[in-house]
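Taken in sequence, the protein lines are chains A and B. Counting from 1, position 3 in the first sequence corresponds to residue 2 in numbering that gives the first Met the number 0; the numbering is continuous, with no gaps. Counting from 1, position 30 in the second sequence corresponds to residue 29 in numbering that gives the first Met the number 0; the numbering is continuous, with no gaps.
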Amino acid sequence: MQIQIGARILAQIQKNGEDTYPEEGAGFILGIDSVKKRIAHGIFQVQNSKASSERHNRYLITPQDFLQGELAAEKNELEVIGVYHSHPDHPDQPSEFDKEWAMPWFSYVITSVENGVAISSRSWRLLDDRSGFKEEKIISNVKEIGELKI
Amino acid sequence: MTILKIPSPLRAFTEGAKQIEIEGKDVGEAIEELVSTYPALKNHLIGEDGELRQFVNLFVNSEDVRYLDGNKTILRKEDQLMIIPSIAGGSYADDENNEK
Numbered sequence: 000m001q002i003q004i005g006a007r008i009l010a011q012i013q014k015n016g017e018d019t020y021p022e023e024g025a026g027f028i029l030g031i032d033s034v035k036k037r038i039a040h041g042i043f044q045v046q047n048s049k050a051s052s053e054r055h056n057r058y059l060i061t062p063q064d065f066l067q068g069e070l071a072a073e074k075n076e077l078e079v080i081g082v083y084h085s086h087p088d089h090p091d092q093p094s095e096f097d098k099e100w101a102m103p104w105f106s107y108v109i110t111s112v113e114n115g116v117a118i119s120s121r122s123w124r125l126l127d128d129r130s131g132f133k134e135e136k137i138i139s140n141v142k143e144i145g146e147l148k149i
Numbered sequence: 000m001t002i003l004k005i006p007s008p009l010r011a012f013t014e015g016a017k018q019i020e021i022e023g024k025d026v027g028e029a030i031e032e033l034v035s036t037y038p039a040l041k042n043h044l045i046g047e048d049g050e051l052r053q054f055v056n057l058f059v060n061s062e063d064v065r066y067l068d069g070n071k072t073i074l075r076k077e078d079q080l081m082i083i084p085s086i087a088g089g090s091y092a093d094d095e096n097n098e099k
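Quick look at the structure:
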């Protein structure tokens, strides 16, 4: 299992985690998924809709923002293939809370941001029985297309 | 028949269908029909308590059914029922003593 996320897109994901530090930042990953490959073509950044007192360790994307993400994907003939978010001063591994709220099939890219600097990102997919996540390899050495129409 | 729209993360369970037609007369019947047709979806939509999981939102046209009649919300053939997830997560709980 793997996801192709070019270096430019991965840098955008990590920058969002740095920009929102010490709060969690989040957004959608738009791309294509086929039997053989899952390829990210861009991100759709959204607001963390949690209350400000909770944004240091929680993020929420509202149904309305989900619809906006789907609309942006359709405009670019892509799909929403995953979600990215940051863990300020915590590892790039999914928490129990991440698991409780996880959707199947999505790639969950988590970036660890320490003292305001993104240090690593890993991608995870929920197991079908919802018992945990399985890591998928991020391939970043790939050719990228241009910017999305957002 | 009412149109039921499926969000991208659930389409792997509906053979790729972005929308399906359902016969259920209300929202509850529609969801039962959906998981009966695609049983692998049930675990992701309905929790162990038999209730919809907390991230599952159901909208009839543009209205959240929580503000209508919930599962008893009547569906007319011109209505569009949508499953729209709330996406959430986070690094740790405050009561976890900051442990991951």
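Heads up, the beta-carbon is just placed ideally off N, CA and C, and yes, glycines get one too. These numbers were taken from a predicted model, which means no experiment stands behind them.
Chain A partners of residue i, CB-CB under 9 Å?
i, result
"Tyr91(B)", "Asn56, His86, His89, Ser94, Glu95, Phe96"
"Ala11(B)", "Asp32, Pro103, Trp104"
Which of the three DSSP states, helix, strand or coil, is assigned to residue i?
i, result
"Glu22(A)", "coil"
"Ala16(B)", "coil"
"Asp63(B)", "strand"
"Ser7(B)", "helix"
"Met0(A)", "coil"
"Leu33(B)", "helix"
"Pro62(A)", "helix"
"Asp25(B)", "strand"
"Phe96(A)", "helix"
"Ile12(A)", "helix"
"His55(A)", "coil"
"Lys114(A)", "At residue 114(A) the sequence reads Asn, which differs from the Lys that was named. Asn114(A): coil per DSSP, three-state reduction."
"Lys133(A)", "strand"
"Asn42(B)", "helix"
"Leu147(A)", "coil"
"Asn56(B)", "strand"
"Gln46(A)", "coil"
"Leu80(B)", "strand"
"Glu47(B)", "coil"
Identify the contact partners of residue i in chain A, using a Cβ-Cβ distance below 8 Å as the criterion.
i, result
"Ile83(B)", "Pro62, Phe65, Leu66"
"Ser60(B)", "A small correction: the amino acid at residue 60(B) is Asn; Ser does not occupy that position in the sequence shown. Residues of chain A passing the Cβ test: none, with the nearest at roughly 13 Å."
Find the residues of chain B that neighbour residue i, judging by a C-beta separation of less than 7 Å, and give them in chain order.
i, result
"Phe132(A)", "Near Phe132(A) there are no residues of chain B at all, since even the closest Cβ is about 11 Å away, more than 7 Å."
"Phe105(A)", "Pro8"
"Val82(A)", "Ile86"
Since I believe residue j is in contact with residue i (beta carbons under 8 Å), could you give me their beta-carbon distance rounded to a whole number of angstroms?
i, j, result
"Phe65(A)", "Pro38(B)", "That belief does not hold up - the Cβ atoms of Phe65(A) and Pro38(B) are roughly 25 Å apart, past 8 Å."
"Gly32(A)", "Ile109(A)", "The residue you asked about is not Gly; residue 32(A) is Asp in the sequence shown. So it is not a contact: roughly 19 Å between Cβ atoms."
"Gly26(A)", "Asn15(A)", "6 Å"
"Gly88(B)", "His40(A)", "Between His40(A) and Gly88(B) the Cβ distance is about 23 Å, and since that is not below 8 Å, they are no contact."
"Lys24(B)", "Ile73(B)", "7 Å"
"Tyr91(B)", "Ser94(A)", "5 Å"
"Ile21(B)", "Leu3(B)", "5 Å"
"Glu113(A)", "Ser7(B)", "With a Cβ gap of about 32 Å, Glu113(A) and Ser7(B) do not count as contacting."
"Gln3(A)", "Val141(A)", "5 Å"
"Val64(B)", "Val26(B)", "5 Å"
"Leu147(A)", "Leu29(A)", "6 Å"
I want to verify the contact list: residues of chain B whose CB lies under 8 Å from the CB of residue i, in sequence order.
i, result
"Glu135(A)", "Per Cβ cutoff of 8 Å: no residues; Glu135(A) is ~15 Å from chain B at best."
"Glu78(A)", "Ser7"
"Trp123(A)", "Here the premise fails: no neighbours, minimum Cβ distance about 10 Å."
"Leu59(A)", "Ser85, Ile86, Ala87"
"Arg129(A)", "Asn42, His43"
"Glu69(A)", "Pro6, Ser7"
Under 8 Å: does the beta carbon of residue i sit that close to some heavy atom of the ligand SAH?
i, result
"Arg75(B)", "The ligand content of the structure shown is nil, which means the ligand SAH is not present either."
Does any residue of chain C have a CB that is nearer than 9 Å to the CB of residue i?
i, result
"Asp127(A)", "This model lacks chain C altogether, as its protein chains are A and B."
Can you find at least 3 beta carbon pairs, one from the segment 137-146 of chain A and one from the segment 24-37 of chain B, that sit closer than 8 Å? no
Where the segment 12-28 of chain A meets chain B: residues whose CB sits under 7 Å from a CB there: Glu23
So, does the segment 116-133 of chain A touch the segment 52-69 of chain A, judging by three or more C-beta pairs under 8 Å? no
Would the segment 72-86 of chain B and the segment 70-79 of chain A be scored as touching if the rule is three or more Cβ pairs under 8 Å? no
Under 8 Å, with one C-beta from each stretch per pair, do the segment 38-48 of chain A and the segment 114-129 of chain A reach the 3-pair mark? no
Specify whether the segment 102-112 of chain A and the segment 8-19 of chain B touch according to this definition: at least 3 beta carbon pairs, one from each stretch, less than 8 Å apart. yes
When you compare the segment 89-96 of chain A with the segment 19-29 of chain A, are there three or more beta-carbon pairs, one atom per stretch, that lie closer than 8 Å? no
Pull out every residue of the segment 44-77 of chain B whose Cβ sits closer than 8 Å to any Cβ of chain A, in chain order. Gln53, Phe54, Asn56, Phe58, Asp63
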